[in-house]
Structure formats: structure tokens, C-alpha cells
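Chemist: What follows is a single structure, and I will ask about it in a moment.
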Amino acid sequence: MKIAIDARVLMDRRRSGVGEYAYQLTKQLLTTDKANEYWLFYNSANLKISDLPVFSGANVVKRSIPNKLLNYGLWTAVNWPPVSKLLGFKPDVWWMPHLNFVALDNNVNNVLTVHDLSFVWYPEFFNQRQNFWHRALRIKKLLNKVDKIIAISESTVRDLEECYKIPEKKISIIYSGVGEEYKTATAEKVLELRQCLNLPAQFILFIGTLEPRKNIGGLIKAFEILKNQSSNEIKLVIAGGRGWKYSSLFKQAKASNCAKDILFLNYVAEADKPALYTAASVLAFPSFYEGFGFPPLEAAASGTPVVTSYLSSMPEVLKSGAMLVNPDDAVSIAKGLDFAINNQAWRQQAIKQGLEIAQQLTWRKTAEQYLKVLTNN
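Heads up: the sequence shown begins at 7 in our numbering, then just goes up one per residue.
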């Protein structure tokens, strides 16, 4: 079979979230499946082949049509050209790892992965351009047109049913994996990273895009409560790429009475993340909404306790292996952090459970489940 993958989501060198998901799963599909032929589709007016990730065993189709013309002109206005015209052939399977503009072919197994519907529930967390993009996608039409939908959590399935009335029989739940590189880092690796990034001896870690949905502002408030109620020397380290409205977080941190104890790191390279998780006393991830949420699982695989939100998919993944808090309540977050840092019995149990859960969620297992959906087996 010829399996074509919409690889446009892989065109950002600094992958996070959906991009990292698509990269890891594509790599594992190519490693696991030697029976089928894979084609990767890219489109950008200014993209160079040298800028794209390299996958062994995959064919590449790159087009250079301006995205505004293709997305808003051709595909939105006249629903043309179909994917097969751009590929130069008609595939047996067309897999989209994320929502995007497209004109689908008939008589092709069109499969779409849906990560979350945050733009439906929380439009205030997106800027005008992003909200316009989601409206222009005509998502309900796309969801009805594809043959199969893969949801990355039960939470996403519930959202699809509630928001778009998608029948459950059309949806398959396949959990994300966690990379084999995520494990408790050696003392040497941790020391090397501490020295390189000038990390404190003890710290609470947040890692993710700096944007309102992640509730970093609430975390800073919770950290202030925690520090004001104890003499603990622990710091707060906030790591991640700058997203929408990130500047308000810097202002909030600077104005905080704990400003000297709050450190910001920029985007962290994938190779450094396991050691960063291992170095942390606890991962704090009090997000308002996630379809899955990589950082809690990555931290658990690295042997680090997790404090996260009780909303959307967060309780679903780590279950009792994480401390669940109310993201709307800074006091709740502060209490959860205090407990996770100081209760040694809970820490040991959470680390054990987290490692067990992470060992069950591998990219190989995810790829094998995907293949059954893609090939109708």
C-alpha cells in the first residue's frame, strides 16, 4: 500500500506538541512497517529540502505553492486540487497528523488525528489570527468527510462527540507514546546540565509553550503562596518557547515578591529534556486544557513526580501517579506542590507508578495500533 502522510506539521525545526508527536510517530512507523510504501508531503513557498527532518525509507513530495493561495484560495474556495494532484499519484491512505486545510480524494482511506479542541472551549486563549484560521478550516466538514478519526485520549473523544456530534464508531483512541530517551538521567548528565544552564539545587519545573492556556500565571501565584508559607530554598524554573502573550508572564515574574527565585529558560533541546526532568524536584503542569500533554508523561518516565490539573485529559494518563489540583485555584496548586515536594512516601509511590505507566506507553505500541487503522486490519 502507498501511505501518504501530511508532513506540513513537521516544517518547524523547533518541534513541540503536535510536531513532536508527528515526528516520533512517523519515525516509528517507518521503523516498524516494512511492508508498505511511505510518502511525505510538504508545501511551502520558501522551504528548502535541507530544512526538513530526515526519515530513512520515506519518499518526499515537496510543493512550493504559497500557503495563502492554496489554503484560502484554492482549497477553501473551490476545493481543488485534491491531494492526489499534489502528490502526483493517488495513495491508498492519506494520514493527517493534525487539522489542516486540504481537498480530500474519494476512494482513499482518509485518516485524521485530532489532538484537542481547545480552540472551541477556550477561544480566548488564541489570538485573532489563530481563531480565524480555525474557523476557515471548516472543521465539522473535514471531520465528516474523513473516513476515520484517531483521538489521542478519551477526553478528546468526548469533546468530538459533544462539539461536532461525531459518532463514536468513527473514532479510534490511540494514546501517544513516550520516547525511549526519557528515563532517569545519569548523575553525570544531570550535573553537566546543571552547570550548563546554571540550575538551582532544588526546583519546581514547568516545561511547555509560554501561553495563557498553560496557566503559568497561576503557577507563579501558587509558587508565591508556597514560598510565603515555608522557608524552603526551592526555586521555580519555567522552560519553553515563547507563545502568545508571553510578555505578561515576564512582567508578572519580575513584579513578584519571589522574583529572585523564578528563572526562565528558553526552548530546551530534546536531548537535554530527560536530564532537566530528572534534575527537577517536581514537574508542575497546571494547564487549563490538554488533549494529552507530553510533559507529565515525559517527567514520569524520567522518574520525576508530577503535579497537574484535574481537567480534560490530565487525570486520564497518569491516573493516581500524579497529584491532581484545581488549575483555577492558586491555593490548590500550592498545596499540591507542597505535598509533592515534602511527602516522601507519596513521592516514592508516584515515581514507581509513573515509571510503570510510562513503560506501557511506547511509540512502537502507538505505531502498531495506527497501522491497524491505516491499513483497515
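Backbone N, C-alpha and C fix where the C-beta goes; we use that ideal spot for every residue, glycine too.
(1) Out of G94, D98, M329 and K33, which one is the CA nearest neighbour of L380?
(2) Counting C-beta neighbours from all protein chains within 10 Å, is the total for A228 16 or more, i.e. buried, or is it exposed?
(3) Once the 5 residues before and after E130 are set aside, which same chain residues still bring their CB inside 8 angstroms of it?
(4) Under a Cβ-count criterion, where at least 16 other Cβ atoms within 10 Å of its own Cβ denotes burial, should P173 be classed as buried or exposed?
(5) Would the stretch 311 to 328 and the stretch 284 to 292 be scored as touching if the rule is three or more Cβ pairs under 8 angstroms?
(6) Give the DSSP bridge partners of F107, in chain order.
(7) Do Q208 and E168 come within 8 angstroms of each other at the CB atom, strictly closer than that value?
(8) Which of the three DSSP states is assigned to K8 in this structure?
(9) Helix or strand or just coil, what does DSSP make of W352?
(10) According to DSSP, which residues form a beta bridge with I179?
(11) Let me confirm a value: K40 is counted as buried when at least 16 other C-beta atoms fall within 10 Å, else exposed. Which label applies?
(12) Tell me which residue opens and which closes the alpha helix (DSSP H) that W127 is part of.
(13) With three or more C-beta pairs closer than 8 angstroms as the rule, is the stretch 293 to 308 touching the stretch 149 to 163?
(14) How about F47 and L80: are their beta carbons less than 8 angstroms apart?
(15) What three-state label does DSSP hand I240 in the structure shown?
(16) Run through DSSP, which three-state label would R248 get?
(17) With a CB to CB cut of under 8 angstroms and the five nearest residues on each side skipped, what residues in its chain are close to L324?
(18) Between S318 and the rest of its own chain, which residues show a CB-CB distance below 7 angstroms, the 5 nearest in sequence each way excluded?
(19) N137 to K74, Cα distance in whole Å?
(20) Is the Cβ of T368 closer than 8 angstroms to any Cβ of chain D?
(21) Could you give the distance in angstroms between the alpha-carbon of K68 and the alpha-carbon of N77?
(22) Would you mind stating whether L225 and I347 have Cβ atoms separated by less than 8 angstroms?
(23) Going straight from the alpha carbon of T38 to that of K154, what length do you get?
(24) Going by CA-CA distance only, name the one from N382, K378, T372 and N383 that's closest to K33.
(25) Specify whether the stretch 17 to 30 and the stretch 57 to 64 touch according to this definition: at least 3 beta carbon pairs, one from each stretch, less than 8 angstroms apart.
(26) Relative to the alpha-carbon of K91, which residue among I71, P103, I268 and E186 has its alpha-carbon at the smallest distance?
(27) Pull up the DSSP beta-bridge partners for K68, would you.
(28) Give me the Cα-Cα distance between G214 and E198, rounded to the nearest whole angstrom.
(29) Could you please give the first and the last residue of the uninterrupted alpha helix (DSSP H) stretch that includes I268?
(30) Three Cβ pairs or more, each shorter than 8 angstroms: is that satisfied between the stretch 188 to 196 and the stretch 262 to 274?
(31) What first and last residue would you give for the beta strand (DSSP E) that runs through S315?
(32) Would you tell me roughly how many angstroms separate the C-alpha atoms of Q366 and V152, rounded to the nearest one?
(33) For K378 and N52, I'd like the C-alpha separation in whole angstroms.
(34) Look up A305 in the DSSP assignment and give the residues it is bridged to.
(35) Buried or exposed, going by whether 16 or more other CB atoms sit within 10 Å of the CB of G63?
(36) Since V6 is in the alpha helix (DSSP H), which residue starts that stretch and which ends it?
Modeler: With the given structure in hand:
(1) D98
(2) buried
(3) P218
(4) exposed
(5) yes
(6) According to DSSP, which records beta bridges pairwise, F107 is partnered with nothing at all.
(7) no
(8) strand
(9) helix
(10) A157
(11) exposed
(12) S124 to W127
(13) yes
(14) no
(15) coil
(16) strand
(17) P302, L303, A306, V312, T314, Q359, G360 and I363
(18) S161, Y295 and E296
(19) 16 angstroms
(20) Of the protein chains in this structure there is only one, and it is not chain D.
(21) 16 angstroms
(22) no
(23) 22 angstroms
(24) T372
(25) yes
(26) I71
(27) Y48
(28) 22 angstroms
(29) Counting along the chain, I268 falls outside any alpha helix (DSSP H), though it belongs to the beta strand (DSSP E) covering I268 to L271.
(30) no
(31) V312 to S315
(32) 30 angstroms
(33) 36 angstroms
(34) Beta-bridge pairing links A305 to no other residue.
(35) exposed
(36) Given that the chain is displayed from residue 7 to residue 383, the structure contains no residue 6 and the question cannot be resolved.
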